[in-house]
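Going line by line, the protein sequences match chains A and B.
First residue of the first sequence: 1, per my numbering; consecutive thereafter.
First residue of the second sequence: 1001, per my numbering; consecutive thereafter.
Here a beta-carbon is modelled for each residue, glycine too, at the ideal position from N, C-alpha and C.
Note that this is a predicted model, so its numbers are computed, not measured.
These notes are about the structure you will find just below.
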Amino acid sequence: MKPRTLFDKVWDSHVVETLPDGTCVLYIDRHLLHEVTSPQAFEGLRLAGRRLRRPDATIAVVDHNVPTTDRSLGIAEEESRIQVETLERNVVEFGVPYIPLLDARQGIVHIIGPEQGISLPGTTIVCGDSHTSTHGALGALAFGIGTSEVEHVMATQTLLQKPAKNMLVRVDGVLPPGCTAKDIVLAIIGRIGTAGGTGHVIEFAGEAIRALDMAGRMTVCNMSIEAGARAGMIAPDETTFAYVKGRPMAPQGEAFEQALAWWKTLPSDEGAHYDTVVVLDAAEIAPQVTWGTSPETVAPITGAVPDPMAEPDEAKRAQMQRMLAYMDLTPGQKLAEVKIDVVFIGSCTNGRIEDIRAAATVARGRKVAPGVRALVVPGSGLVKQMAEQEGLDLVLRDAGFEWREAGCSMCLGMNPDKLVAGQRCASTSNRNFEGRQGPGGRTHLLSPAMAAAAAVTGRLTDVRELV
Amino acid sequence: MDAFTTLTGVAAPMPVANVDTDKIIPARFLKTIKRTGLGVHVFDTLRYDETGAERPEFVLNQEPYRQAEILIAHENFGCGSSREHAPWALLDFGIRCIIAPSFADIFHANSFKNGILPIALPREICDQLMEDAKLGGNARVTIDLARQVIVRPNGEEIGFEIDAFRKHLLLEGLDDIGQTLQHAPAITRYETGVAQDKPWMPALSIA
C-alpha cells in the first residue's frame, strides 16, 4: 500500500462517497456549536423542515458574546443576550447537548473540546469558527466552516469537500529557554506568510513539536489558519494518549484500549508524500512579537520595526506604510521600547492552565506597571478552578491583574472587553487585524510569558530578561 | 440561493492584499441572528469615520461604485475568520462576483454557498481588470459563468477555471444540502460500518 500521511489516513477513513469530479462526501464525527455562527443554520433547518441528524455527535456552548464579569445576573447587552437565548432555545428544540453559561464546564469551544474528551485522535471535527484547527493537536482533522456548512453538517453529518494538499512543517532541535509554542507558530507564520498554507493541511512534526505538551501543540495548531491552512495536525503519541485518557467524554476502560489500538496506526508512514515541506531550526527561534496588522508581520523581540522603504514591491510597501501608520510605529524603532496600555492573556490560542501558569511565573512578586490594564481570562470555568486551586489567581491579583470569567473576551471584542481607539495591547490571542480587539485598537501578538512581562514593565519586553 | 448565470455590472477596484473578514465585517456586527441586512456595515471601518459619516476616499462610497456588483482585489482575499457574515454582507451590498489572484479557503467555500462567484486569475490579469475597473461607469464587465469567460469593456474575453460541481450548483441555484441528501443511503451505510469498526466512539451528552 502507498505510504500515507496522517491527514490521508484520517481523510480516507471518513470518505462516505466520492463524486465523479473528485468531490468527497466526508463524514463528520464531532460538530461543535456556539451562539454566533449557529442561529441562521438552525433557522435554515427549521424552514426546510429538516431534523438534526446526529444530536449525539453535536455539542453546544456559549463563548464569543458572553461577559467575563459576574454572569449570575444575566447578560446586560441586548443583542448578545438574544444570541445566547436563541442558542438555548435551539438546543432544546433540536435536542443538542449544551453546556450552559453558569456551568463550571463552560468555556471557549476550542478549550472545552479537548478538555472534555470530545475531541479525539483520528476524528473529523468541525465548528463554525476558524480556530477549530486547534483540535488537530490531538491528531484529529479539525477545521472551521461557515454557517451554510454548519447547516449542511446538521442536516447530513457530512460535508462536500475535496482533499487538501499535504504540507509538512518540521521544527528540528530544541527550543531555547524563554521560548514557547506561541513563538514557534509565530515564527512559522512569519516564514510562510498568511497564505503560505492555502489549500493545504499542515502536519507539524520534528523534535521541537514532539517535545511540546498538549497545550503547546494546541497553540501551534490553533494558528494554522493564520498561515491560511485548512487545518493543522500533529501525530498522536504517548503525550496525546495520556492527555485523552480519563477525560469525561473520551472512551473509557476497554473502549479506550480499542481506540488506542487504532490511534497508534495514525502517524504518517515512512516515505509518505508531502506536496510542500518547510523546515525550521528551533534553536534559532527567539521570543516573537508582531509589529503590523497581519500575523505574518512578526519579528524577534530583540529586533526593530522594519523599514517599508526596503520593500521593493510597491503594493507591499504601501501596505507596510499603512500598517505602521495604523500601529503608530516608526521604521527602525526597537520593539522592546514600544509602550503598551493593555495586556490580554487568554483566548483559544493561549487560555489553558499551562498558559496561566506561565504568566503567573513572570508576574509572581512583581506589579503591573502604572497605567497598564492587564486582563487574565481563563479559557474555561475548569481552567479557572484549577488555577484557583493552585493559587495562581492570587499571584496574578496581587500583581494587579484582573481575574475574570471564561470566554473569548478581548480576542475579538464581541463582549464588553474591548480596546478603545488608540490603545496598544500585548495580546496572547491570534489575530492583530485592524480593529480586531476594538475599533482603532492596536494589537501585538505574543506568548503568555511575554504578555506578563509586558504587563510588569509597561512595554514590549524580552521575557528572558525577567526569568 | 439565487442562481448565477451571467452578470454585467460595474466592477470596483480594491487593490489591497489580505483583505480579512474582520475588515469585511467587524465582529461587533456578528450579533445578528439573520443573514440579511449586513450590507450597510460591509467594510464598516473603511467606509465610515468615527461619527458614522462616509469616508469619501473609500471606493464603495464613490459613483458609480456604489452600484458595484463585482469586486477586483489582490491576493488572499477573505483571510481570517470563518464568519459567513462576510459574504452575507457583500451580497447584501450587491456584490455577486469577486476577482482576485487568490482567496482564503473558508471564504472561498462560503461565497459559493451564497451565490457569489469567486474567480481566481493570475495577478497580471487582475491588474488589467483593475485598470478597467478604474474607468468607472463606462467600463462594465460581463461574467458569463456557463462559458467561463469574463468580457472586458473592450470586448476581449478572459477564460477562468471553476470546479465543475460548484459551477453546476451556481448555474442552477441549487441548495447543496438537497444534493447531499441524495446520498443519504450511503451515509447510513457508513454510519452502520462505523458502529461496527469503531464501537469505542462515544455518544456525546452533558450530565
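Determine the burial state of residue 1067(B): buried for a count of at least 16 other Cβ atoms within 10 Å of its Cβ, exposed for fewer.
-> Looking up residue 1067(B) in the second sequence gives position 67. Residue 1067(B) comes out exposed.
At a Cβ threshold of 8 angstroms, is residue 152(A) touching chain B?
-> The residue you call residue 152(A) lines up with position 152 of the first sequence. It does: the Cβ of residue 152(A) has a partner Cβ on chain B nearer than 8 angstroms.
Could you check the C-alpha separation between residue 1041(B) and residue 420(A) for me, to the nearest Å?
-> The residue given as residue 1041(B) occupies position 41 in the second sequence. The residue given as residue 420(A) occupies position 420 in the first sequence. About 20 angstroms.
Minimum length 4: unbroken alpha helix (DSSP H) runs contained in the segment 310-369 of chain A = 314-327, 347-350 and 353-363
Residue 204(A) by DSSP, collapsed to three states: which one?
-> Along the first sequence, read from residue 1 onward, the residue named residue 204(A) stands at position 204. In the structure shown, residue 204(A) sits in a strand (DSSP, three-state: E or B).
For residue 1001(B), collect the residues of the same chain with a Cβ closer than 6 angstroms to its Cβ; drop the 5 residues on either side in sequence, then sort them by chain order.
-> Taking the first residue of the second sequence as 1, we reach residue 1001(B) at position 1. The answer, listed in chain order, is 1115 and 1173.
What residue range is occupied by the uninterrupted beta strand (DSSP E) comprising residue 424(A)?
-> Within the first sequence, the letter at position 424 stands for residue 424(A). Here the beta strand (DSSP E) through residue 424(A) covers 424-427.
Should residue 1(A) go down as buried or exposed, given a rule of 16 or more other Cβ atoms within 10 Å for buried?
-> Within the first sequence, the letter at position 1 stands for residue 1(A). Counting Cβ neighbours within 10 Å, residue 1(A) comes out exposed, since fewer than 16 surround it.
Is there a Cβ from chain B that is less than 8 angstroms from the Cβ of residue 377(A)?
-> Start at 1 with the first residue of the first sequence, and residue 377(A) comes out as number 377. By this cut-off, residue 377(A) is not an interface position.
Return the Cβ separation of residue 355(A) and residue 428(A) in integer angstroms, given the expectation that the two are a contact with Cβ distance under 8 angstroms.
-> Within the first sequence, residue 355(A) is the residue found at index 355, counting from 1. Within the first sequence, residue 428(A) is the residue found at index 428, counting from 1. 7 angstroms between Cβ atoms; contact.
Out of 411(A), 142(A) and 424(A), point me to the one whose CA is closest to residue 201(A)'s CA.
-> Residue mapping note: residue 201(A) aligns to position 201 of the first sequence, counting from 1. The shortest C-alpha separation from residue 201(A) is found at 142(A).
Within the 8 angstroms Cβ cut-off, does residue 147(A) reach chain B?
-> Taking the first sequence and counting its residues from 1, one reaches residue 147(A) at position 147. By this cut-off, residue 147(A) is an interface position.
State the start and end residues of the unbroken beta strand (DSSP E) segment that holds residue 127(A).
-> Numbered from 1 along the first sequence, position 127 holds the residue referred to as residue 127(A). That run of the beta strand (DSSP E) goes 124-127.
Compare the C-beta of residue 212(A) against all C-beta atoms of chain B and say whether one is closer than 8 angstroms.
-> Numbered from its first residue, the first sequence carries residue 212(A) at position 212. No - not a single Cβ of chain B is within 8 angstroms of the one on residue 212(A).
Count the other CB atoms, across all protein chains shown, that sit within 10 Å of the CB of residue 166(A); report buried if there are 16 or more and exposed otherwise.
-> Position 166 of the first sequence, counted from the start, is the residue given in the question as residue 166(A). So residue 166(A) ends up on the buried side.
By Cβ distance, which residues of its chain are closer than 7 angstroms to residue 387(A), with the 5 residues on each side in sequence left out?
-> For the purposes of this step, residue 387(A) is identified with residue 387 of the first sequence, where counting begins at 1. Result list for residue 387(A): 353, 356, 378 and 393, in chain order.
Tell me whether residue 1195(B) is buried or exposed, calling it buried when 16 or more other Cβ atoms sit within 10 Å of its Cβ.
-> Locating residue 1195(B) in the second sequence gives position 195, counting from the first residue. With fewer than 16 Cβ atoms within 10 Å of its Cβ, residue 1195(B) is classed as exposed.
Along chain A, which residues have their Cβ under 7 angstroms away from the Cβ of residue 1124(B)?
-> Here residue 1124(B) corresponds to residue number 124 of the second sequence, with the count starting at 1. Ordered by position in chain A, no residue passes the 7 angstroms Cβ test against residue 1124(B), which lies about 13 angstroms from the chain.
Measuring CB to CB, does residue 1017(B) end up less than 8 angstroms from residue 315(A)?
-> Here residue 1017(B) refers to the residue found at position 17 when the second sequence is read from its first residue. Here residue 315(A) refers to the residue found at position 315 when the first sequence is read from its first residue. Going by C-beta atoms, residue 1017(B) is nearer than 8 angstroms to residue 315(A).
Are the Cβ atoms of residue 99(A) and residue 126(A) separated by less than 8 angstroms?
-> Here residue 99(A) is taken as the residue at index 99 of the first sequence, counted from 1. Here residue 126(A) is taken as the residue at index 126 of the first sequence, counted from 1. Not closer than 8 angstroms, so no.
Distance, residue 21(A) Cα to residue 313(A) Cα | Taking the first residue of the first sequence as position 1, residue 313(A) is located at position 313. Taking the first residue of the first sequence as position 1, residue 21(A) is located at position 21. Their backbone Cα atoms lie some 38 angstroms apart in a straight line.
Residue 455(A) versus residue 293(A): straight-line alpha-carbon distance, rounded | The residue labelled residue 455(A) in the question sits at position 455 within the first sequence. The residue labelled residue 293(A) in the question sits at position 293 within the first sequence. Residue 455(A) and residue 293(A): Cα-Cα distance of roughly 21 angstroms.
Please list the segments of the beta strand (DSSP E) lying wholly inside the segment 1062-1086 of chain B, counting only runs of 3 or more residues, in order along the chain.
-> 1070-1073
Supposed contact pair residue 235(A) and residue 205(A) - C-beta distance, whole angstroms, cut 8 angstroms | Residue numbering aside, residue 205(A) sits at position 205 when the first sequence is read from its first letter. Residue numbering aside, residue 235(A) sits at position 235 when the first sequence is read from its first letter. Indeed, because the Cβ distance is near 7 angstroms, the residues count as touching under 8 angstroms.
Beta-carbon of residue 69(A) versus every beta-carbon of chain B: anything under 8 angstroms?
-> In the first sequence, residue 69(A) corresponds to position 69, counting from 1. It does not: the Cβ of residue 69(A) has no partner Cβ on chain B nearer than 8 angstroms.
Taking a Cβ distance cut-off of 8 angstroms, strictly less, list which residues of the segment 1030-1044 of chain B are near chain A, in chain order.
-> 1030, 1031, 1032, 1033, 1034 and 1035
Would you tell me roughly how many angstroms separate the C-alpha atoms of residue 1189(B) and residue 12(A), rounded to the nearest one?
-> Within the second sequence, the letter at position 189 stands for residue 1189(B). Within the first sequence, the letter at position 12 stands for residue 12(A). Near 16 angstroms, if we compare the C-alpha coordinates of residue 12(A) and residue 1189(B).
What does residue 1061(B) reach in chain A if we use C-beta pairs closer than 7 angstroms?
-> Residue 1061(B) sits at position 61 when you count from the first residue of the second sequence. Going along chain A, no residue has its Cβ under 7 angstroms from residue 1061(B), so there is no contact; the nearest lies around 18 angstroms.
Chain B residues whose Cβ lies nearer than 9 angstroms to that of residue 414(A) | For the purposes of this step, residue 414(A) is taken as residue 414 along the first sequence, with counting starting at 1. In chain order: 1027, 1028, 1030 and 1031.
Which residue or residues does DSSP assign as beta-bridge partners of residue 60(A)?
-> Taking the first residue of the first sequence as position 1, residue 60(A) is located at position 60. DSSP output for residue 60(A) lists 33(A) and 98(A) as bridge partner(s).
Got a sec: is the Cβ-Cβ distance from residue 1180(B) to anything in chain A below 8 angstroms?
-> Locating residue 1180(B) in the second sequence gives position 180, where the first residue counts as 1. So yes, residue 1180(B) belongs to the interface.
Any contact of the segment 53-63 of chain A with the segment 1110-1125 of chain B, i.e. 3+ C-beta pairs under 8 angstroms?
-> no
Proximity winner among 1148(B), 1089(B) and 1184(B), relative to residue 1037(B) (alpha-carbon distances) = The residue given as residue 1037(B) occupies position 37 in the second sequence. Ranking 1148(B), 1089(B) and 1184(B) by Cα distance to residue 1037(B) puts 1089(B) first.
is_contact[residue 1210(B), chain A] using C-beta, thresh 8 angstroms | Nothing can be reported for residue 1210(B): it is not among the residues displayed for chain B, which extend from 1001 to 1207.
Expressed to the nearest angstrom, what Euclidean distance is found between the alpha-carbon atoms of residue 997(B) and residue 86(A)?
-> Past the boundaries of the shown model lies residue 997(B); chain B is included only from 1001 to 1207, so the question cannot be answered.
Hey, could you find the ends of the alpha helix (DSSP H) residue 281(A) is sitting in?
-> Counting from 1 along the first sequence, the entry for residue 281(A) is found at position 281. Residue 281(A) -> not in any alpha helix (DSSP H); beta strand (DSSP E) instead, spanning 276-281.
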